[in-house]
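Numbering (the working numbering), first residue to last: 71 to 194.
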């Protein structure tokens, strides 16, 4: 059996992967797009990862605490400035992952975590 924490081919926390979000319903984020892997590498026995979808950056997103801006660079593998959408977190099966694009800096992962705890109104 393959361990979720040690296989180099499986999505890991802090990575950006191309993910197939379809089929979707209503206002859920759609189509094949990048997503940030949020869940711990040690989480669960099911072949599921918690992810945050990534969309094109729009200037009005700067008003939204749940949109975390991520600039394109050689490390993250994105092709344009983007936004990580902490409001649309979801658990997805490993079958939805297409290929790894890159990695997110730890400081950016901290910003995403702050956005998530704000979305769920968690007080530390």
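Using N, Cα and C, we set each Cβ at its ideal position, and we do this for glycine too.
In angstroms, rounded to a whole number, what distance separates the CA positions of residue i and residue j?
i           : j           : result
residue 90  : residue 133 : 28 angstroms
residue 101 : residue 191 : 29 angstroms
residue 194 : residue 157 : 19 angstroms
residue 88  : residue 112 : 21 angstroms
residue 185 : residue 135 : 6 angstroms
residue 151 : residue 180 : 18 angstroms
Start and end of the alpha helix (DSSP H) containing residue i?
i           : result
residue 180 : 176-189
Find the nearest neighbour of residue i within the set the options, judged by alpha-carbon distance.
i           : options            : result
residue 129 : 175, 153, 99       : 153
residue 138 : 170, 105, 165      : 105
residue 97  : 155, 115, 185      : 155
residue 110 : 165, 136, 80       : 80
residue 162 : 86, 108, 83, 120   : 120
residue 175 : 149, 188, 123, 140 : 140
Across which residues does DSSP place residue i in a beta bridge pair?
i           : result
residue 93  : For residue 93, which the question treats as bridged, DSSP gives no partner whatsoever.
residue 120 : 161
residue 150 : Note: residue 150 sits in no beta bridge, so no partner.
residue 170 : 87
The beta strand (DSSP E) with residue i in it runs from where to where?
i           : result
residue 104 : 102-107
residue 194 : First-last for residue 194: undefined, no H or E at that position.
residue 140 : 137-140
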